[in-house]
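Notes for the one structure printed next.
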Amino acid sequence: MMLKELLRFACLKLKAMPNSTPILLIGAGKMGQAMLKGWLASDFSSIQVLENFPSDALKSLPIELNPSTVIVDENQTVILAVKPQNYRDVLDEHQANIHPNAMVVSILAGISIDALQNALPGRCIVRAMPNTPATIGQGLTALCTVEDISNSHKSFATNLMQAVGEVVWVENEAMIDAVTAVSGSGPAYLFHFVEALTAAAIDVGFAPDMAETFARKTIIGSAALLESSGENAAQLRENVTSKGGTTQAALEVLMADPGLQSIVLEAVKAAKKRSEELSKI
266 MMLKELLRFA CLKLKAMPNS TPILLIGAGK MGQAMLKGWL ASDFSSIQVL
316 ENFPSDALKS LPIELNPSTV IVDENQTVIL AVKPQNYRDV LDEHQANIHP
366 NAMVVSILAG ISIDALQNAL PGRCIVRAMP NTPATIGQGL TALCTVEDIS
416 NSHKSFATNL MQAVGEVVWV ENEAMIDAVT AVSGSGPAYL FHFVEALTAA
466 AIDVGFAPDM AETFARKTII GSAALLESSG ENAAQLRENV TSKGGTTQAA
516 LEVLMADPGL QSIVLEAVKA AKKRSEELSK I
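Its first residue numbered 266, the sequence shown is counted upward by one per residue in the working numbering.
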């Protein structure tokens, strides 16, 4: 039931809003700049950015940065990419720059649609949860809303986030907390495993730089194999594991009770709980 609720891939063939639709990005840190680069590569042409502390990299992009006049019309799409703890002050400052009929896409972690609707009454709110691989165009973004939105709005929100990777629509906002715990925080879990494998390699005799190279490339190559092979992770694991061999010896340690799977489950539960707590602050 949860899988059915979670996975509804949005490869929409709908009447779309044109790429000339006015886009206003409020906040342009690492994720904001990643989205900007994706939009520019996808030929979105009417982009304005409001950022109080623009980096040199941001200044170099072909966008309108901190324009004296913001394009405010009923087709406007606004993307909120500021620090969650600052969002109320930011929205108070920029209310006049957000059309009453605008679609607002928020990537603010822990800030609910209800909270955004209270701050931006009347606007169409879409909540997004991208992950850091979006910075290289390999992200996975979950999108959701709690209201019916037009096909054009839904298609445009999908197209915006597809510029930095794949998009999944979830039907229940509560699933965003689960998404945060799995794909939002998931890259950190993988990076920590690389750290652990590097440390283990050093312990069995590798020089530190060689240990990191072996750990890093093993993970990168394995992820590419998982992506391209058409086989699931369990089958690929079995393909590598010979009875009585070295891999089996290692897996007997990793899979012994309480094992890696139990540890990962507890980590995901902890992240989900924290996401739920943050949404209530």
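Virtual Cβ for every residue (Gly too), placed ideally from N, Cα, C.
{"Query": "Sort Gln360, Ala380, Leu425 and Glu358 by Cα distance to Trp304 and report the nearest one.", "Result": "Leu425"}
{"Query": "From Ser320 to His418, what distance separates their C-alpha atoms?", "Result": "30 Å"}
{"Query": "Using beta-carbon positions only, say whether Thr349 and Gly375 come within less than 8 Å of one another.", "Result": "The sequence as given places Pro at residue 349; Thr does not occur at that position. Closer than 8 Å, so yes."}
{"Query": "Just reading off the beta strand (DSSP E) that Leu315 is part of, what are its end residues?", "Result": "Ile312 to Leu315"}
{"Query": "So who's on the other strand from Val432, going by DSSP bridges?", "Result": "Thr406"}
{"Query": "Please classify Asp468: does DSSP put it in a helix, a strand, or coil?", "Result": "helix"}
{"Query": "Quick check for students: name the residue ranges of the beta strand (DSSP E) that lie wholly in the region 284 to 371, counting only runs of 3 or more.", "Result": "288 to 291, 312 to 315, 342 to 345 and 368 to 371"}
{"Query": "Considering only C-alpha positions, which residue in the set Asp354, Ala464 and Ile390 is nearest to Cys409?", "Result": "Ile390"}
{"Query": "Is Met233 near Ala346, with beta carbons less than 8 Å apart?", "Result": "Residue 233 falls outside the range modelled here, since the chain spans only 266 to 546, and no answer is possible."}
{"Query": "In the DSSP output, what is Ala393 paired with across the bridge?", "Result": "Leu408"}
{"Query": "Under a Cβ-count criterion, where at least 16 other Cβ atoms within 10 Å of its own Cβ denotes burial, should Thr483 be classed as buried or exposed?", "Result": "exposed"}
{"Query": "Beta carbon of Thr463, beta carbon of Ala476: below 8 Å?", "Result": "yes"}
{"Query": "To the nearest angstrom, report how far apart Ser448 and Phe456 are at their CA atoms.", "Result": "13 Å"}
{"Query": "Please go through the region 444 to 521 and give each complete beta strand (DSSP E) segment of 3 or more residues, from N-terminal end onward.", "Result": "none"}
{"Query": "Does the separation of the CB atoms of Ile414 and Arg392 fall below 8 Å?", "Result": "no"}
{"Query": "Applying the criterion that 16 or more other CB atoms from any shown protein chain within 10 Å of the CB defines a buried residue, is Val518 buried or exposed?", "Result": "exposed"}
{"Query": "Report all residues from its chain with a CB closer than 8 Å to the CB of Glu412; omit the five preceding and five following residues, and keep chain order.", "Result": "Cys389 and Ile390"}
{"Query": "Please report the distance separating the alpha-carbon of Ser540 from that of Trp434.", "Result": "19 Å"}
{"Query": "For the region 509 to 517 and the region 491 to 501, state whether three or more C-beta atom pairs, one from each stretch, are separated by less than 8 Å.", "Result": "no"}
{"Query": "Can you list, in chain order, the residues of its chain with a C-beta nearer than 7 Å to that of Arg481? Leave out the 5 residues immediately preceding and following it.", "Result": "Val459"}
{"Query": "Give me the Cα-Cα distance between Tyr454 and Thr406, rounded to the nearest whole angstrom.", "Result": "18 Å"}
{"Query": "What is the DSSP secondary structure of Glu531, reduced to helix, strand or coil?", "Result": "helix"}
{"Query": "In angstroms with no decimal places, state the Cα-to-Cα distance between Phe318 and Ala399.", "Result": "22 Å"}
{"Query": "Gly510: beta carbon under 7 Å from a heavy atom of the ligand HEM?", "Result": "In terms of ligand content, the structure shown is empty, and the ligand HEM therefore cannot be addressed."}
{"Query": "Which residues bound the alpha helix (DSSP H) around Asp379?", "Result": "Ile378 to Ala384"}
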